[in-house]
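Engineer: If you scroll down you'll find the structure; I have some questions about it.
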Amino acid sequence: MSSVISEIKKDFIYNLLIKGERIDGRKFDQYREISIERDVIRKAEGSALVKLGSSQVLVGVKMQPGEPFQDSPNRGVIITNAELVPLASPSFEPGPPNEVGIELARLVDRGVRESKAVDLEALCIEPGKKVWIVFIDVHILDDCGNILDAASLGAIAALLCTKVPASRFGLGEDYILPIRDIPIATTAIEFSDVLMFDPGVEEEAIANTKLTVITTTNGDICGMQKSGTGMLNPEQVYRIIDIACEKAKEIREKFLEA
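The letter at position 139 of the sequence shown is residue 139 when you use full-length UniProt numbering, and the numbering goes up by one with no holes.
Printed below as a string of structure tokens:
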């Protein structure tokens, strides 16, 4: 029965695409409504609740002193985890992270790390012995599509309001986490040669392929992630990148830079 319903939905979406429409009435490059609420977890060093349409993602940041990696003795450490709450989607199950959770955590981590969003050298307490460890915990509360973008947005929003808890560990006064950049992830899917940004859950289900582009404040690409069995031609990739830069700039200016 589910496969029949899936085919019906697929045909319905396809017929809309022929007319240049989407199931929720948006333009192909239009994002759903975004809202960000910061400092929603009092016991976290930083936190943010992001709503992207009906998708909801909660991100918390905790910090504590610890040992640095041997190959970077004077740099802080970032550790990112993602939890797919079973109530958020019928496809999420209790237990260890599945492929979706692992992919999501890696994508969020890559955006923060490769953009050099956090000044890790400023988080060195004693070279080779003690640095600050930043834990980024992503919790998917409601998956109504495009949780990758929502999680990435939640991570940088939480980091922007994070305070280093120096006084708790006898290391001086608390201070704001030093942020150098604001990376934004933008996701598009391809179905029947049509590109759609910020896909809803039904659009994701019928997509041939998905491409997420992470860009920095100056428009550089600091991460890309492709999934799905379909292929994208060079023109489609360039178009996704161009629109991703535009959308990231809009989101950054409206929600984060202030």
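Just so it is clear, CB atoms sit at the ideal spot from N, CA and C, and this is done for glycine as well.
Whose C-alpha, out of E45, V118 and F135, is nearest the C-alpha of A82?
Structural biologist: The shortest Cα separation from A82 among E45, V118 and F135 belongs to F135.
Engineer: Measure the C-alpha to C-alpha separation of S2 and R168 and round it to an integer number of angstroms.
Structural biologist: Unreliable placement is indicated for S2, whose pLDDT of 43 sits below 50; no coordinate value is reported for it.
Engineer: In chain order, what residues of the same chain have a beta carbon less than 6 Å from the beta carbon of I241, not counting five sequence neighbours either side?
Structural biologist: Excluding sequence neighbours, I241 sits near V213.
Engineer: Whose CA, out of I78, P68, S72 and R38, lies closest to the CA of V59?
Structural biologist: Comparing Cα positions, the closest option is R38.
Engineer: One question on the structure: do V108 and A150 come within less than 8 Å of each other, judged by their Cβ atoms?
Structural biologist: No. Outside cutoff.
Engineer: Considering Cα atoms alone, identify which of R106, A205 and Q30 is closest to D143.
Structural biologist: Taking only the C-alpha atoms, the option nearest D143 is A205.
Engineer: Assign F197 to one of three DSSP states: helix, strand, or coil.
Structural biologist: Three-state result, F197: strand.
Engineer: Exposed or buried, which one is I251 when buried takes at least 16 other CB atoms within 10 Å?
Structural biologist: I251 is buried by the Cβ-count criterion.
Engineer: What is the rounded straight-line gap between the Cα of A88 and the Cα of L141?
Structural biologist: If I take the Cα positions, the gap works out to 5 Å.
Engineer: What is the DSSP secondary structure of V40, reduced to helix, strand or coil?
Structural biologist: V40: coil per DSSP, three-state reduction.
Engineer: Within the region 62 to 128, note down every full beta strand (DSSP E) run reaching 3 residues or more, in order along the chain.
Structural biologist: Listed in chain order, they are 77 to 84 and 124 to 126.
Engineer: What does DSSP give as the partner residues of S227 in its beta bridges?
Structural biologist: Paired residue(s): K210.
Engineer: So what does Y238 bridge to, in DSSP terms?
Structural biologist: Answer is none; Y238 lacks a bridge partner.
Engineer: Look at G20 and P68 and say whether their C-beta atoms are less than 8 Å apart.
Structural biologist: Not in contact: G20 and P68 (Cβ atoms no closer than 8 Å).
Engineer: Restricting to Cα atoms, I'd like to know which of N218, K9, T80 and P165 is closest to P65.
Structural biologist: The shortest Cα separation from P65 among N218, K9, T80 and P165 belongs to P165.
Engineer: Using CA coordinates, which residue listed in I34, R42 and I133 is at the minimum distance from V77?
Structural biologist: If we check each option's Cα against that of V77, I133 comes out closest.
Engineer: Taking 7 Å as the limit between beta carbons, can you name the residues of its chain near I179, skipping five residues before and five after?
Structural biologist: Contacts found: A117, V118, L159 and L160.
Engineer: If you measure between the beta carbons of I156 and I182, is that distance less than 8 Å?
Structural biologist: Yes. Within cutoff.
Engineer: Could you have a look at G154 and say whether DSSP puts it in helix, strand or coil?
Structural biologist: Three-state DSSP puts G154 in a helix.
Engineer: In chain order, what residues of the same chain lie with their CB nearer than 6 Å to the CB of N54, ignoring the 5 residues before and after it?
Structural biologist: Looking at the sequence shown, residue 54 is not Asn but Ser. C144, listed in sequence order.
Engineer: Can you check DSSP and say which residues form a bridge with G60?
Structural biologist: For G60, which the question treats as bridged, DSSP gives the partners S47 and D137.
Engineer: By Cβ distance below 8 Å, which residues in the same chain neighbour E203 in space, the five residues on each side in sequence not counted?
Structural biologist: Excluding positions up to five away in sequence, the list reads I13, R22, I23, G145, I189, F191 and M196.
Engineer: Can you tell me whether S91 is buried or exposed, with buried defined as 16 or more other CB within 10 angstroms of its CB?
Structural biologist: So S91 ends up on the exposed side.
Engineer: Answer yes or no: do I125 and L84 have a C-beta to C-beta separation smaller than 8 Å?
Structural biologist: Going by C-beta atoms, I125 is not nearer than 8 Å to L84.
Engineer: Pull the bridge partners of S35 from the DSSP assignment, please.
Structural biologist: S35 is bridged to K51.
Engineer: Just the Cα atoms here: how many angstroms apart are D29 and D71?
Structural biologist: Cα to Cα, the separation comes out at about 42 Å.
Engineer: What does the alpha-carbon distance come out to for the pair G230 and K62?
Structural biologist: Spanning the two alpha carbons is a distance of roughly 38 Å.
Engineer: Taking just the CA atoms, how far does L104 sit from G219?
Structural biologist: Between G219 and L104, the C-alpha separation is close to 22 Å.
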